[in-house]
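These protein sequence lines map, in sequence, to chains A and B. The first sequence begins at 48 in my numbering and counts up by one. The second sequence begins at 48 in my numbering and counts up by one. For every residue, glycine included, the Cβ atom is placed at its ideal position computed from N, Cα and C. Below: one structure, written as structure tokens.
There are 2 protein chains.
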Amino acid sequence: MASGMDDRTTRVLRHIVEDYIATAEPVGSRTISKKMGQTLSPATIRNIMADLEEAGFLAQPHTSAGRVPTGAGFRYYIDHLLARQALARGEMDQLHRAAGEGNGPADELVRQVSRLLSNLSRQASVVVVSSPEQQVLSSVSLMRAGGDRILLVTVMVGGWVQHRLIEGEPDLTGDELEKISAYLNELAEGRTLLQLRARILEELGKEKARYDRVMGRALAMSAHALADAAPGEVFIEGRANILEQPEFAEDVHRLKRILRAFEEKSVIFRLLDRAMESRAIRVSVGLENTVEELPDISVVASGYRQGASSVGSIGLIGPVRMDYSRVIPLVEYAASLLTTMFEDR
Amino acid sequence: MASGMDDRTTRVLRHIVEDYIATAEPVGSRTISKKMGQTLSPATIRNIMADLEEAGFLAQPHTSAGRVPTGAGFRYYIDHLLARQALARGEMDQLHRAAGEGNGPADELVRQVSRLLSNLSRQASVVVVSSPEQQVLSSVSLMRAGGDRILLVTVMVGGWVQHRLIEGEPDLTGDELEKISAYLNELAEGRTLLQLRARILEELGKEKARYDRVMGRALAMSAHALADAAPGEVFIEGRANILEQPEFAEDVHRLKRILRAFEEKSVIFRLLDRAMESRAIRVSVGLENTVEELPDISVVASGYRQGASSVGSIGLIGPVRMDYSRVIPLVEYAASLLTTMFEDR
DNA sequence: ATTAGCACTCTCCTTGCCGGAGTGCTAACT
DNA sequence: AGTTAGCACTCCGGCAAGGAGAGTGCTAAT
Numbered sequence: 048m049a050s051g052m053d054d055r056t057t058r059v060l061r062h063i064v065e066d067y068i069a070t071a072e073p074v075g076s077r078t079i080s081k082k083m084g085q086t087l088s089p090a091t092i093r094n095i096m097a098d099l100e101e102a103g104f105l106a107q108p109h110t111s112a113g114r115v116p117t118g119a120g121f122r123y124y125i126d127h128l129l130a131r132q133a134l135a136r137g138e139m140d141q142l143h144r145a146a147g148e149g150n151g152p153a154d155e156l157v158r159q160v161s162r163l164l165s166n167l168s169r170q171a172s173v174v175v176v177s178s179p180e181q182q183v184l185s186s187v188s189l190m191r192a193g194g195d196r197i198l199l200v201t202v203m204v205g206g207w208v209q210h211r212l213i214e215g216e217p218d219l220t221g222d223e224l225e226k227i228s229a230y231l232n233e234l235a236e237g238r239t240l241l242q243l244r245a246r247i248l249e250e251l252g253k254e255k256a257r258y259d260r261v262m263g264r265a266l267a268m269s270a271h272a273l274a275d276a277a278p279g280e281v282f283i284e285g286r287a288n289i290l291e292q293p294e295f296a297e298d299v300h301r302l303k304r305i306l307r308a309f310e311e312k313s314v315i316f317r318l319l320d321r322a323m324e325s326r327a328i329r330v331s332v333g334l335e336n337t338v339e340e341l342p343d344i345s346v347v348a349s350g351y352r353q354g355a356s357s358v359g360s361i362g363l364i365g366p367v368r369m370d371y372s373r374v375i376p377l378v379e380y381a382a383s384l385l386t387t388m389f390e391d392r
Numbered sequence: 048m049a050s051g052m053d054d055r056t057t058r059v060l061r062h063i064v065e066d067y068i069a070t071a072e073p074v075g076s077r078t079i080s081k082k083m084g085q086t087l088s089p090a091t092i093r094n095i096m097a098d099l100e101e102a103g104f105l106a107q108p109h110t111s112a113g114r115v116p117t118g119a120g121f122r123y124y125i126d127h128l129l130a131r132q133a134l135a136r137g138e139m140d141q142l143h144r145a146a147g148e149g150n151g152p153a154d155e156l157v158r159q160v161s162r163l164l165s166n167l168s169r170q171a172s173v174v175v176v177s178s179p180e181q182q183v184l185s186s187v188s189l190m191r192a193g194g195d196r197i198l199l200v201t202v203m204v205g206g207w208v209q210h211r212l213i214e215g216e217p218d219l220t221g222d223e224l225e226k227i228s229a230y231l232n233e234l235a236e237g238r239t240l241l242q243l244r245a246r247i248l249e250e251l252g253k254e255k256a257r258y259d260r261v262m263g264r265a266l267a268m269s270a271h272a273l274a275d276a277a278p279g280e281v282f283i284e285g286r287a288n289i290l291e292q293p294e295f296a297e298d299v300h301r302l303k304r305i306l307r308a309f310e311e312k313s314v315i316f317r318l319l320d321r322a323m324e325s326r327a328i329r330v331s332v333g334l335e336n337t338v339e340e341l342p343d344i345s346v347v348a349s350g351y352r353q354g355a356s357s358v359g360s361i362g363l364i365g366p367v368r369m370d371y372s373r374v375i376p377l378v379e380y381a382a383s384l385l386t387t388m389f390e391d392r
């Protein structure tokens, strides 16, 4: 049925979707007729519209209103009708500059890009970073953290930094810590965090009895600190842009749900994690996304990689009525930018 | 004039403010008469109300509506009339538990407490952490960060961790890094970040010519990395609670301004930094706070300390119509909790 | 000094009434 | 056949009028 639409019908659909994206109002037959250069009269358009409605691509808010695209309508538009709009030179430059400014650790980079992406798109921008378990370590260090606390700091090659606190290990001298750090670094060389953990446990079995107790205890406590996987991170920028969209600004209830979701990382995670593995951009429209808390929102997201492995995804969250032709290239570019930035790290 | 109010007048004011806090609606003379056990007739109350209006504590939205407290009215209520409401046992326990769960580095602790504070108060909770420049270091470490990058990690005794990236220093071996780290730690011993920086520069003058070039360059690059002060941090939790307040939920424009402010750390900083030094709790009502972007909001905040020095403040942001009797003790308790948590760090 | 009474003022809700936009259907046209 | 003009119909949104309700200010009596 979807493919059984002639060219004229799809052109009408395209115009309706685009007009609706631009105005956020139901669009009528007259408008479309004009837009198509009067080659067809409103009456004809109406007939076509009726067909499209029957096919499930359009809906009427009430009997005598114009048509509004349904989720399926948007889906079809995105999949078959969309004319991508090239990024402006200036936008690309801005994104590059933002990436350049993120010259701190990786989170700084990601935050800058996300922030700009939200500004350019006037939507809320989200970046999720998967748990760095699978990433290759660059170095490890044990540091005093006041009192009887020790901080285990891990740095990944991509520039992600993590720290975990170890409590109640008072009587290690600075020298001992350094020695252990050096040893851990040896173990970590070229390994992922996951592998390091395994390696430590292995080593622990071997060494425990033989060598000095200090080292044994240090290994044990490192293993313990690394035991539970770090949860991964979520960065959200441009929340306020949500209010720019009339469909949300007018409905306090929906607004509340979205803002609450923003505060619950796990929800955002679920929203974006499907985009993570796929290299291509992914657009979820309305009810398609399985997150019950948030019906009628769209997510445009793309994974970014570091070398061969996917480490996270970046995307936009907004109303179904988004300017996909503009927003999709933007997200795509931002994702590829992150990928290249991480490449030479 | 403020002190020239007799007991009865202030009691009326108190009831009006409290009723308004509870209902968010203008309150009439009848209501107050009833609330005071009919000891005074509505007509009398009306006279008193007229006095209070003249004194600037009340206002009428329109001729025949009830009265609404003005900013000055709230101010007077907070300063003279407020009956603090003791924290429930359960609330204290919850806060303690939250603090206990924040067993990671300091930011985790702060975030947990803030989050719970926002839940208990149904307001947006904010914590600002001043730049750690003045805090005493616990340890320092230089770590490889992939490519030709080095990460300078600093840990404060309170548990705050910072990292700064140093780019383009490729040819230092792991051993050298460790050696330099050890040396930096010696210099840092018991010093604040500010002092360390000075010390490094001093040392740099001395050592540069004499000792090995590696050490000299390492010192120089550390000094450079520490040159610009880290900006301090802001944690916001419970943004969605803002929507719980009818005064904001109904006015999209105001909502937008607040959410935008939440995205601009500097604004939040300005909002809370006056609370930082003062040990007592600080309540800013409406236009009192000098942040032009946000008229008609209240900030209830208190500094928290680490040892003798103020390191930040925690507070709530909400409408002027807040339940101060409940919220003030809450913030106070949260602040003191943070102070004690940092004490034994 | 307090209070009852009363006229008055505003808001808010309901109701009813247009005008405009847009549709569906039918009949005529190409 | 497909297309179009014409027309009756539906529904929304805005506007005005009217009435109920809440609350006030003032005056006169206690």
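Euclidean distance between Cα positions of residue i and residue j
{"i": "Gln181 (chain A)", "j": "Leu219 (chain B)", "result": "27 Å"}
{"i": "Tyr67 (chain A)", "j": "Arg329 (chain B)", "result": "49 Å"}
{"i": "Ala256 (chain B)", "j": "Gly263 (chain B)", "result": "With a pLDDT of 49 at Ala256 (chain B), under the threshold of 50, the modelled position of this residue cannot be trusted; read the value that follows with caution. Straight-line Cα distance between these residues: approximately 8 Å."}
{"i": "Leu184 (chain B)", "j": "Gln242 (chain B)", "result": "10 Å"}
{"i": "Gly221 (chain A)", "j": "Arg260 (chain A)", "result": "16 Å"}
{"i": "Gly206 (chain B)", "j": "Pro179 (chain B)", "result": "11 Å"}
{"i": "Arg93 (chain B)", "j": "Ser76 (chain B)", "result": "6 Å"}
{"i": "Ala229 (chain A)", "j": "Tyr230 (chain B)", "result": "15 Å"}
{"i": "Glu225 (chain B)", "j": "Ala270 (chain B)", "result": "17 Å"}
{"i": "Arg144 (chain A)", "j": "Gly103 (chain B)", "result": "53 Å"}
{"i": "Met203 (chain B)", "j": "Leu199 (chain A)", "result": "14 Å"}
{"i": "Pro89 (chain A)", "j": "Ser80 (chain A)", "result": "5 Å"}
{"i": "Ile247 (chain B)", "j": "Ala276 (chain B)", "result": "15 Å"}
{"i": "Glu155 (chain B)", "j": "Gly149 (chain B)", "result": "5 Å"}
{"i": "Ala265 (chain A)", "j": "Leu189 (chain B)", "result": "20 Å"}
{"i": "Ile125 (chain B)", "j": "Ile315 (chain B)", "result": "23 Å"}
{"i": "Ala235 (chain A)", "j": "Ser383 (chain B)", "result": "41 Å"}
{"i": "Leu99 (chain B)", "j": "Val338 (chain B)", "result": "28 Å"}
{"i": "Leu302 (chain B)", "j": "Arg286 (chain B)", "result": "11 Å"}
Bridge-paired residues (DSSP) for residue i
{"i": "Ser172 (chain B)", "result": "B:Glu284, B:Leu363"}
{"i": "Val330 (chain B)", "result": "B:Val347"}
{"i": "Thr201 (chain B)", "result": "B:Val187, B:Gln209"}
Environment of residue i [buried if 16+ CB atoms lie within 10 Å]
{"i": "Asn288 (chain B)", "result": "buried"}
{"i": "Gln170 (chain A)", "result": "buried"}
{"i": "His300 (chain B)", "result": "exposed"}
{"i": "Thr387 (chain B)", "result": "exposed"}
{"i": "Gln292 (chain A)", "result": "buried"}
{"i": "Arg326 (chain A)", "result": "exposed"}
{"i": "Gly215 (chain A)", "result": "exposed"}
{"i": "His62 (chain A)", "result": "buried"}
{"i": "Thr70 (chain A)", "result": "exposed"}
{"i": "Gly237 (chain A)", "result": "exposed"}
Where residue i sits in the DSSP three-state scheme
{"i": "Ala355 (chain B)", "result": "coil"}
{"i": "Ala256 (chain A)", "result": "Reliability of the predicted coordinates at Ala256 (chain A) is poor, the pLDDT of 49 falling under 50, and the value obtained from them is presented with this limitation in mind. In the structure shown, Ala256 (chain A) sits in a helix (DSSP, three-state: H, G or I)."}
{"i": "Leu224 (chain A)", "result": "helix"}
{"i": "Ala119 (chain A)", "result": "helix"}
{"i": "Arg196 (chain B)", "result": "coil"}
{"i": "Gln242 (chain B)", "result": "helix"}
{"i": "Thr337 (chain A)", "result": "coil"}
{"i": "Met323 (chain B)", "result": "helix"}
{"i": "Pro376 (chain B)", "result": "helix"}
{"i": "Arg403 (chain A)", "result": "It is not possible to answer for residue 403 (chain A), since the shown part of chain A is limited to 48 through 392."}
{"i": "Leu234 (chain A)", "result": "helix"}
{"i": "Ala106 (chain A)", "result": "strand"}
{"i": "Glu297 (chain B)", "result": "coil"}
{"i": "Leu273 (chain A)", "result": "coil"}
{"i": "Thr86 (chain A)", "result": "coil"}
{"i": "Leu318 (chain A)", "result": "helix"}
{"i": "Asp218 (chain B)", "result": "coil"}
Check your understanding: Which ranges would you report for the beta strand (DSSP E) in the region 128–186 of chain A if only whole runs of at least 3 residues count?
Key -> 171–176
**Study point:** Secondary structure, alpha helix (DSSP H): runs of 4+ residues fully inside the region 56–81 of chain A
**Key:** none
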